[in-house]
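Asks: The numbers in our numbering rise by one with no breaks, and the one at position 65 of the sequence shown is 73.
Following this message is one structure expressed as structure tokens.
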Amino acid sequence: MRLQKYIAQSGITSRRKAEELILQGRVKVNDKVIRKLGTKVDPKKDRVKVDDRIIKLEEKKIYIMLNKPVGYVTTLKSKHGDKIVIDLVKEIEERVFPVGRLDKDTSGLLLMTNDGDLAYKLTHPKYEVLKTYLALVEGVPNSKKMNKFRKGLKIDGRKTARAYIRLVKNYGDSSLLEISIHEGRNRQVRKMCEHIRHPVIKLKRIAIGKLELGDLEVGKWRYLTDKEVKYLKSLK
């Protein structure tokens, strides 16, 4: 088994993050630091450590949906005293990690799991899994700006992929937009809205693919149904 896949299936992080850990020299196999991606390990014989802590393959896969509140960060450890999403699921015995990111000021649908392969699929741009948001923005964008948004905008020196945007409600001095993207660049929706000069006031993720947040209360979580897990695994 490839080392990064072993780490992902141990339930501590996604496969993409596992690759970063290897390149950073934080992974040992039989007490030897490994920095080469694709290194093969034998789950029955080899001893794998991350940050000098032994890790083992997870047997039971956990899939949950959390309605993340504003003010929480999607990291496993607190930095600068930030509140972390893992504290909202403390009653779960198995270790889980967030799938992708929602920035501190964004609320809504966050998946958490110990299935590194699924996390990889849902976050890698090549799979083009749509993430849908409701954005309350300053002002009301006209059709010209929305068409520009749909075709892709240059942010951080790189053009974004095509996006979906529609006006849900016009409040006069502000408006509610529904936005869907399949990339996961840092604060992408906020930066795209700023680019068309309609900064975000409030942002909430309401869906990943066809999986919807629904009426799950803020700060609460639930297990995904078998049907929902099967749907996520079927995405290609």
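Glycine included, every Cβ here is placed at the ideal spot set by N, Cα and C.
1) Leaving out the 5 sequence neighbours to the left and right, which residues in its chain are closer than 6 Å to VAL226 when beta-carbon positions are compared?
2) If you draw a straight line from the C-alpha of LYS238 to the C-alpha of TYR135, how long is it?
3) Measuring alpha carbon to alpha carbon, tell me which residue in ILE204, ARG170, LEU175 is nearest ILE189.
4) So, helix, strand or coil for GLY192, using DSSP?
5) Is the Cβ of TYR71 closer than 8 Å to any Cβ of chain D?
6) I'd like the ranges of any beta strand (DSSP E) spanning at least 3 consecutive residues and lying wholly in the stretch 57 to 121.
7) Tell me which same chain residues have a C-beta within less than 8 Å of the C-beta of LYS42, skipping the five on either side of it?
8) Are the stretch 118 to 129 and the stretch 15 to 25 touching, with three or more C-beta to C-beta distances below 8 Å?
9) If you count every other CB in all the chains shown that lies within 10 Å of the CB of VAL176, and 16 or more means buried, which is it?
10) Looking only at its own chain, which residues have a Cβ that is under 6 Å from the Cβ of HIS206, when we skip the five neighbours before and after it?
11) Quick one: what does DSSP say THR47 is sitting in, helix, strand or coil?
12) What first and last residue would you give for the beta strand (DSSP E) that runs through VAL226?
13) Among PRO106, LYS48, LYS212, which residue has its Cα nearest to the Cα of LEU84?
14) Take ARG8 and list the residues in its own chain whose beta-carbon comes closer than 6 Å to its own, dropping the five residues that flank it on each side.
15) Note down, in chain order, each residue of its chain lying with its Cβ closer than 7 Å to the Cβ of ARG230, except the 5 sequence neighbours on either side.
16) Only counting the same chain, and skipping five residues up and downstream in sequence, which positions put a Cβ closer than 8 Å to that of LYS218?
17) Starting from TYR179, follow the alpha helix (DSSP H) in both directions and report where the run begins and ends.
Replies: In short:
1) ASN75, PRO77
2) 16 Å
3) ARG170
4) In the structure shown, GLY192 adopts coil according to DSSP, grouped into three states.
5) The structure shown contains no chain D; it holds only a single protein chain.
6) Runs found: 61 to 63, 71 to 76, 114 to 121.
7) The amino acid at residue 42 is misidentified as Lys; the sequence shows Ile. LEU11, ILE30, VAL35, LYS36.
8) yes
9) Taking every protein chain shown into account, the CB of VAL176 has fewer than 16 other CB atoms within 10 angstroms, so this residue is exposed.
10) VAL145, GLU146, GLY147, PRO149
11) Secondary structure at THR47: coil, using DSSP grouped into helix, strand and coil.
12) Neither: VAL226 is in no beta strand (DSSP E) and is coded neither H nor E.
13) PRO106
14) Here the chain comprises residues numbered 9 to 244, so residue 8 is not present and cannot be evaluated.
15) Within the same chain, ARG230 has close Cβ partners ILE72, MET73, LEU224.
16) TYR239
17) In the DSSP assignment, TYR179 falls outside any alpha helix (DSSP H) and carries neither an H nor an E.
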